[in-house]
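Undergrad: Right, I'll just put the structure down here and ask away after.
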Amino acid sequence: MPADNPFVDNSNDIAAQFWSIGHRNVLGMAFDEKGRLWAHEMGPRGGDEFNLIEKGHNYGWPIVSNGRNYTGTDIPDHETRPEFTPPKISWTPVISPSSMSIYNAGKYNDFPAWQGNALISGLSSKALIVVDFDENSRATERYRYDMGERIRSVLNVDGQVWVLEDGNASRLLQLIPQ
Numbered sequence: 077m078p079a080d081n082p083f084v085d086n087s088n089d090i091a092a093q094f095w096s097i098g099h100r101n102v103l104g105m106a107f108d109e110k111g112r113l114w115a116h117e118m119g120p121r122g123g124d125e126f127n128l129i130e131k132g133h134n135y136g137w138p139i140v141s142n143g144r145n146y147t148g149t150d151i152p153d154h155e156t157r158p159e160f161t162p163p164k165i166s167w168t169p170v171i172s173p174s175s176m177s178i179y180n181a182g183k184y185n186d187f188p189a190w191q192g193n194a195l196i197s198g199l200s201s202k203a204l205i206v207v208d209f210d211e212n213s214r215a216t217e218r219y220r221y222d223m224g225e226r227i228r229s230v231l232n233v234d235g236q237v238w239v240l241e242d243g244n245a246s247r248l249l250q251l252i253p254q
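According to the working numbering, the sequence shown is numbered sequentially starting from 77.
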């Protein structure tokens, strides 16, 4: 196990393998150009999250969430417990994120305005969501493109963007700039 693991001195052998804790359902992770690790998590009823994953941080699940339990009972929001790291973005209604890719220009550079942005595929939102983040690790949703179908996966390959629809009649689509 890496010596810089934040829980390496923990007496619990399993905990000594963790980098961060308090995650609910991570479905997409990617490193940006600066080597920072970003992840999105599907929340319960509301509260999908976009997080910057940092060494030793606790993101609060199951104690806090910006969503609610499936039974409808409340879960305290992140703002009520400052000891937990809040998400950079939280979505309610949910986008149901399924995968993520960081756009990097390549041979084709089809979408230069997206350079360094996170591309997130959405299931219930039936969308491609483009998220920008800055030097101070603030994140904002820049665009949401209605794809008309649940999007299972998004991938940047050499400056081209490919999305995969979800379902029996799903298609693999290459996005073309207009």
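For each residue, glycine too, the CB sits at the ideal point set by N, CA and C. All figures in this text were calculated on a predicted structure; none of them were measured in a lab.
Excluding the 5 residues preceding and the 5 following Ser201 in the sequence, name in chain order all residues of the same chain whose CB lies nearer than 6 Å to its CB.
TA: Contacts found: Ile171.
Undergrad: Would you check if there are 3 or more beta carbon pairs closer than 8 Å linking the region 183 to 195 to the region 138 to 151?
TA: Verdict: no, contact absent.
Undergrad: Expressed to the nearest angstrom, what Euclidean distance is found between the alpha-carbon atoms of Pro188 and Gly235?
TA: Roughly 8 Å between the two C-alpha positions.
Undergrad: To the nearest angstrom, how far is the alpha carbon of Asp210 from that of Ala194?
TA: Asp210 and Ala194: Cα-Cα distance of roughly 12 Å.
Undergrad: For Asn180 and Ser174, what's the separation of their Cα atoms in angstroms?
TA: Going by the C-alpha atoms only, they are around 20 Å apart.
Undergrad: Taking only three categories from DSSP, how would you classify Pro138?
TA: Correct three-state label for Pro138: coil.
Undergrad: Our contact map puts Pro120 next to Ile139 with C-beta atoms below 8 Å; I'd like the distance itself, whole angstroms only.
TA: Contact flag wrong, Cβ pair sits at about 13 Å.
Undergrad: Is Ala194 helix, strand or coil when you go by DSSP?
TA: Strand, per DSSP.
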